[in-house]
Structures are given as C-alpha cells and as structure tokens.
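Peer 1:
Chains as they are written, first to last, in this note's numbering: chain A, 26 to 214; chain B, 960 to 1155.
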C-alpha cells in the first residue's frame, strides 16, 4: 500500500471533488430530513422545558427522542434502499459510529461534571451535537458549519445572559435553525 | 430520490463509484499519513503526558505548571517541525485545504472545550484534566472520519483509562494517566512505526 508523494497528491485532489459530489448525494438522498426531524424535536422539546414542569418536560423529551429515533430509522432505511453499495454502507456506518461515540462522550462529560442542572445538561447535549456538526463539516463542507457556530454562540448567550428564556431561545433559534438548514440543504446543495 | 438539473448532479451509479473511490483514497491516504507522522504524534504526545502527569502526581506548586508549559512547548515545536517536513513532501492545494480544515476544526474544538469548562465550573484539577482528555479524544475520533477509524481507535482505550482513573482511582489518577495513557501512546506509536 505504499504510495509516492505524487500519488498522494492526486488522491488528495480527488478527495475534494468527491466531497462535493458526496454533498450532492446527501442532499438528493434525503439526509437533510434528519436535520428537519431533529429541528422539530428540539423546537417542541425545549418549548416543553420552558413552559412545563420539570417532570412533564422530562417525559416530553423522552417521548420526542423515541419518536425522533423511529423517524430517523425510517428515513435511514429508505435512504439505504435508494443507494445499495458496500462503500456507501461503510461511509454511513462510519458516520453512525462517530455519532454513537459522540453520544457516549457527551454522557461522559456530564458524568465528570456531575451534579449538573437541567440547563447544564441541555448545554452539554447542544455542545455535543455542535461538535458532531463540526466533524461532519470535515467530511462534507466547512461552509455548513456557520449555522453551527451561530447556534453555539446563541446557546452560550442564552445560558449565561438570558437564563430565564434559555429553553425558549433554544427552541426557536436552535430547533428553528436546524429546520432552516435542512430546507437550505434540500434546495441549494 | 430527487435529482436536480445542474452539472454537480450525480446518478446512483456515479454516487456508488464516487463512494467506492473515496474508500480506496481514504485507505491510501491513511497509510500515507500513518507512515508520515501519526506515530511521531503519538510518541511526542505520549512523552508529554508521561512527564506532565507524573510531575502532577508527585510534585506540587508552580513547578508543575512550568513542567506542563515546557513540555507543551517542546511537543508543539515537534508538531510544527513534523508538519513543516510533511508540507515540504506533499505540496498540493487540496492537501493544504484538508490540513487547514483539520486545523480549524481543532481550533474550534479548543473553544468548545473552554465553553464546556465554563459551564461545568470544575472544582479541581482532575476534573479539568478529564474534560481536556475527553475533548482531545473526541477530536481524534473526528479525524477518523477523514482518515479511518483504524488510525484513531486508540482514543477509545485512552478514554476508558481516563474515566476508570477519574471515577475509581482518584488518588492515583495522574500516575495512572501518565504511565498507562502516556506510556500506552508511546507503545502504540512504536508499534505503528514497526508494523504498519
């Protein structure tokens, strides 16, 4: 498997073109649906956290997460039917493993900083999702990370400066932002 | 599956071919990167951790901070030297773009780690250390998306060691991280050098 510097350069040049094509593939395959699904879940979940009691808000999040998981699985299966290829499966698997590990790391971060209150836990989840978004930018397009940076900045502003309306801010700006990005990818990529 | 009328549209066959090519290229790039510098990064980071954590375990006061700063500077200089050497070997705009992208990612990850620390308001050095280790390992795993998880799986045992040390062996946490974390990285770096 040894390669010369010229071969390496050719390979790296091809990567960029392929990343662009993969981006198109993601848009046309329906992967943007994940953003819309989870955007709606954030919108409803954080609105619930803002206006409902802690217990009911917690149950609402649980129900929404289960619904999000089922819908994501449904979209994923439909996408898998659309493109049958071992390399697609492998790339998808790699992305899936990364998100699964990220979920574990977000949990570990919360465990290390325990005890944490509801807002802190929400922020760990938000930061975890945003780091995942950044990592996807490595794979696809760094242009797509701008909304992620804006959402992070808004989340931090909300957490530190506007704690009274933190959940509401995250519902509309975070959830709404994800829905908007999903629609943008669908129409522009 | 919807298709759009522009030059960047790809059919299912094209997409499959593209993704198959990505795998081959990723594999070749992985070997190029591994033979180029991964083992040195592991060994340098391992030495920094070994010396830094051992001094944190056994020394106290300003000397510990000085050792960490000194070791970090030495480690960074080694990284810069290595990067410059690799940059001379492969001159290509797309290589630069990929390297720049990875650099920006790490920079942003540092900011996210600082944000997480600001949220957690850690009460002791061990908590800060555990946070930093978790974020570094997340960064390594993200690099796996670019290269391959084969090149970064070592981040998982290091994370497991850090969490075991933090929760179960707090009294010897730094010693644990120095010998097993730092030593493990050095050993794995030497293994890559000898076997890949």
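Even glycine gets a Cβ: it sits at the ideal position worked out from N, Cα and C.
(1) Give the interface partners of residue 148 of chain A over in chain B, defined as CB-CB distance under 7 angstroms, in chain order.
(2) Going along chain B in order, which residues have a C-beta closer than 9 angstroms to the C-beta of residue 123 of chain A?
(3) Rounded to whole angstroms, what is the Cα-Cα separation between residue 297 of chain A and residue 205 of chain A?
(4) If we ignore side chains and look at the alpha-carbon of each, how far apart do residue 209 of chain A and residue 1093 of chain B end up?
(5) Which residue wins for smallest C-alpha separation from residue 176 of chain A, given the options A:163, A:157 and A:203?
(6) Kindly indicate which three-state DSSP category residue 1111 of chain B falls into: helix, strand or coil?
(7) Buried or exposed: which applies to residue 95 of chain A, given that a residue is buried once 16 or more other Cβ atoms fall within 10 Å of its Cβ?
(8) Just checking my contact of residue 1097 of chain B with residue 137 of chain A at CB under 8 angstroms: how many whole Å lie between their CB atoms?
(9) Report the rounded CA-to-CA distance for residue 967 of chain B versus residue 1019 of chain B, giving the unit in angstroms.
(10) Can you tell me the Cβ-Cβ gap for residue 1002 of chain B and residue 1149 of chain B, rounded? I've got them flagged as a contact below 8 angstroms.
(11) Can you tell me the Cα-Cα spacing of residue 1128 of chain B and residue 1010 of chain B, whole angstroms?
(12) Would you report the Cα separation of residue 143 of chain A and residue 1040 of chain B, rounded to the nearest angstrom?
(13) Cβ closer than 7 angstroms: which chain A residues qualify as neighbours of residue 1067 of chain B?
(14) I need the boundaries of the alpha helix (DSSP H) containing residue 172 of chain A, first residue and last residue.
(15) Note down, in chain order, all residues in the region 128 to 148 of chain A with a beta-carbon under 7 angstroms from any beta-carbon belonging to chain B.
(16) Following the continuous alpha helix (DSSP H) through residue 1141 of chain B, name the residue where it begins and the one where it ends.
(17) Do residue 163 of chain A and residue 1068 of chain B count as a contact pair if the criterion is CB distance below 8 angstroms?
(18) With DSSP run on the structure shown, which of helix, strand or coil describes residue 1075 of chain B?
(19) Once DSSP output is grouped into helix, strand and coil, what is the label at residue 119 of chain A?
(20) Where does the unbroken alpha helix (DSSP H) through residue 1159 of chain B begin, and where does it stop?
(21) Quick one: is residue 192 of chain A near chain B, going by C-beta distance under 8 angstroms?
(22) So which residues on chain B does residue 184 of chain A lean against when the C-beta distance must stay under 8 angstroms?
(23) Against residue 126 of chain A, what residues of chain B qualify as contacts under a CB-to-CB distance less than 7 angstroms, listed in chain order?
(24) Would the C-beta of residue 1137 of chain B count as close to the ligand GDP, meaning under 7 angstroms from any of its heavy atoms?
(25) Would residue 79 of chain A pass as an interface residue toward chain B - the criterion being a Cβ-Cβ separation below 8 angstroms?
(26) Please confirm whether residue 1123 of chain B and residue 1140 of chain B have their CB atoms less than 8 angstroms apart.
(27) I'd like to know whether the C-beta of residue 100 of chain A is nearer than 8 angstroms to at least one C-beta of chain B.
(28) Under the assumption that residue 71 of chain A contacts residue 149 of chain A (Cβ atoms under 8 angstroms), give the Cβ distance between them as a whole number of angstroms.
(29) Going by the CB atoms, is the gap between residue 1132 of chain B and residue 1191 of chain B shorter than 8 angstroms?
(30) Helix, strand or coil: how does DSSP classify residue 157 of chain A here?
Peer 2: Taking the structure as given:
(1) 1078
(2) 1100, 1101, 1103, 1104 and 1108
(3) Missing from the structure shown is residue 297 of chain A; chain A here goes from 26 to 214 and no further.
(4) 33 angstroms
(5) A:203
(6) coil
(7) exposed
(8) So it is not a contact: roughly 13 angstroms between Cβ atoms.
(9) Here residue 967 of chain B scores only 46 on pLDDT, less than 50, and its place in the model should not be relied on; the value that follows carries that caveat. Whole-angstrom Cα-Cα distance: 60 angstroms.
(10) 7 angstroms
(11) 19 angstroms
(12) 45 angstroms
(13) 159
(14) 171 to 186
(15) 130, 133, 134, 137, 138, 145 and 148
(16) Note, residue 1141 of chain B: premise wrong, no alpha helix (DSSP H); not H, not E.
(17) no
(18) helix
(19) helix
(20) In the structure as shown, chain B begins at 960 and stops at 1155. Residue 1159 of chain B is therefore absent and cannot be evaluated.
(21) no
(22) 1078
(23) 1100
(24) Ligands in the displayed structure: none, and consequently the ligand GDP is not present.
(25) no
(26) no
(27) no
(28) Rounded, the Cβ-Cβ distance is 14 angstroms, inconsistent with contact.
(29) In the structure as shown, chain B begins at 960 and stops at 1155. Residue 1191 of chain B is therefore absent and cannot be evaluated.
(30) helix
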